[in-house]
Structures are given as structure tokens and as C-alpha cells.
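Numbering (numbering that gives the first Met the number 0), first residue to last: 0 to 214. Don't be surprised by glycine CBs; every beta carbon is placed ideally from N, CA and C. The structure displayed is predicted, hence computed values, not measured ones. Report on the structure given below.
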Amino acid sequence: MATYTFSAKTLTSPTLLPTGGVVINMGTITGEGWGFRRALLFFIDSNFLNTRPQFITGSIPTGATGRNLTSVGRLAPGNSPFNITGTAWRLRNGDSTDSTGTLKGYGSSFINTYDLAANTDTFIISPFVTGPATHILEIPSSSSFTKAASNNPFYSANDPALTSTDNYKLIGSSFNDNLAGQNANDTILGGAGNDTIFALGVMIMLRGVMVMTPY
């Protein structure tokens with residue numbers, strides 16, 4: 000069973016939500032029958048991170064090998080259901096060991112470092128969109144990768160729907176988050192805040208200071 004990861008680990012300042020943290024509730028996604036890309040954009044939008052979309056990421060397993068940076072399109076008002084402007088990137092770690100990757104916009108102030116789990120593709124929405132919006136990915140012990148942004152739309156309504164029996168890994172921020180899994184073997188890492196964790200099915204790992212509420 001594939002594991003889908005959604006993370007707010009790199010969030011540097013509070014959101015506009017009352018707790019200052021993020022809400023990542025997989026029940027909302029599976030209830031609507033949405034796919035991975037729409038889920039990522041929904042979590043950015045619903046946490047009021049439209050102008051700093053880089054702070055919620057999504058990862059999926061990959062069978063491809065090697066490491067690479069790929070432009071996977073652009074976001075602008077009118078080409079997705081959400082008011083998000085950015086360039087979308089796939090950071091591939093096709094190796095069997097976890098790593099990190101620093102993504103930065105060429106000639107811009109945008110820079111952020113992400114965890115890249117082994118054998119995953121991690122999707123980032125960068126706020127840097129000017130001109131070709133060239134980005135550079137630097138991974139330790141690897142060459143750097145430089146790519147210009149594609150002009151294709153990132154959003155797709157045809158992604159396979161995520162389901163309540165998929166496995167999810169949810170990673171919170173250092174603020175007070177609300178994280179909710181589904182019916183399978185989910186992993187929820189709360190982070191440093193006073194987090195609220197909702198668990199369905201079998202919860203295999205919980206971290207962070209939290210109030211745990213099953214439902």
C-alpha cells in the first residue's frame with residue numbers, strides 16, 4: 000500500500016488560523032474524492048498559505064532511480080480551483096537512503112530546505128514565478144540541478160482519488176496543529192507545538208506534545 004505524505008515541517012511563522020498551526024485532515028480529502036495534487040493545493044489554501052505555498056509539501060513513492068529536479072507546471076488564478084500563484088516542482092530522491100534538498104529560485108530570495116525520504120517524489124509549490132522562474136536543487140553528495148519552470152498547469156482534476164484505506168504520513172509544524180488520519184496504518188508526527196491528533200484505525204507512531212482524540 001502506497002504512503003502519501005503531507006508535511007508542514009518547514010513552516011517558519013504562524014498561519015492565520017487561531018492556533019497558529021496547520022490543519023491537515025485526510026477525511027476532508029477522501030470524503031470529496033480528491034486526488035494528490037488537489038489535496039496538496041487544498042491544504043495550502045485552507046491554511047491561508049496562498050502567498051507562501053512552499054511551507055506545505057506532498058510526497059509520493061517512486062520506483063524511479065537517481066535524484067533530479069523537474070518542473071511540473073505553474074499555478075495562477077483561473078488554472079486551478081484555488082487562488083494560488085506559484086511554480087510547481089518535483090524533487091526526486093530515487094535512492095534507498097533519506098536525504099535533504101535545498102530548493103532556491105535563481106535571482107530571487109526564495110530558498111528552503113526539505114526532507115527527501117528515500118524512494119519518494121516530493122512536490123513543492125514555490126512562490127517565485129518571474130520570467131522563466133529558474134530553480135536550483137542542491138542535494139548533499141549530489142550534483143546540483145537547474146531547471147526553468149514549465150508553462151503547463153500543475154493542477155489536474157484527473158488524479159486518482161485518495162481513499163480512507165491508503166496510508167498517510169502527516170507531519171506538523173512547530174506551532175499548534177490539528178492532524179487527522181484515516182483508516183489504515185498512518186504515521187502522524189505532531190512537531191513541537193500543542194497538537195491535536197485524530198486517529199482512525201491503527202496509529203503506528205505519534206510524536207509531539209498533543210491532545211489525542213480518537214474518532
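{"query": "Sequence-distant residues of its chain with Cβ nearer than 8 Å to T99 (five each side left out)", "result": "T112, Y113, D114, L115, I138, P139"}
{"query": "8 Å Cβ cutoff met for V22 and I55", "result": "no"}
{"query": "Exposure of D185, with buried meaning 16 or more beta-carbon neighbours within 10 Å", "result": "buried"}
{"query": "Assigned exposure category for P17 - 16 Cβ within 10 Å defines buried", "result": "exposed"}
{"query": "One or two residues paired with K8 in a DSSP bridge", "result": "Beta-bridge pairing links K8 to no other residue."}
{"query": "Which of helix, strand or coil DSSP assigns to T86", "result": "strand"}
{"query": "F47 burial status per 10 Å Cβ neighbour count (16 or more: buried)", "result": "exposed"}
{"query": "Whole-angstrom distance between L102 and P52, CA atom to CA atom", "result": "13 Å"}
{"query": "Cβ contact check for the region 165-175 and the region 80-97: 3 or more pairs under 8 Å", "result": "no"}
{"query": "Closest residue to P152 among T50, I43, P76 (Cα-Cα distance)", "result": "P76"}
{"query": "Contacts around S58, its chain only, beta-carbon distance under 6 Å, and the 5 residues preceding and following it disregarded", "result": "T4, T119, T121"}
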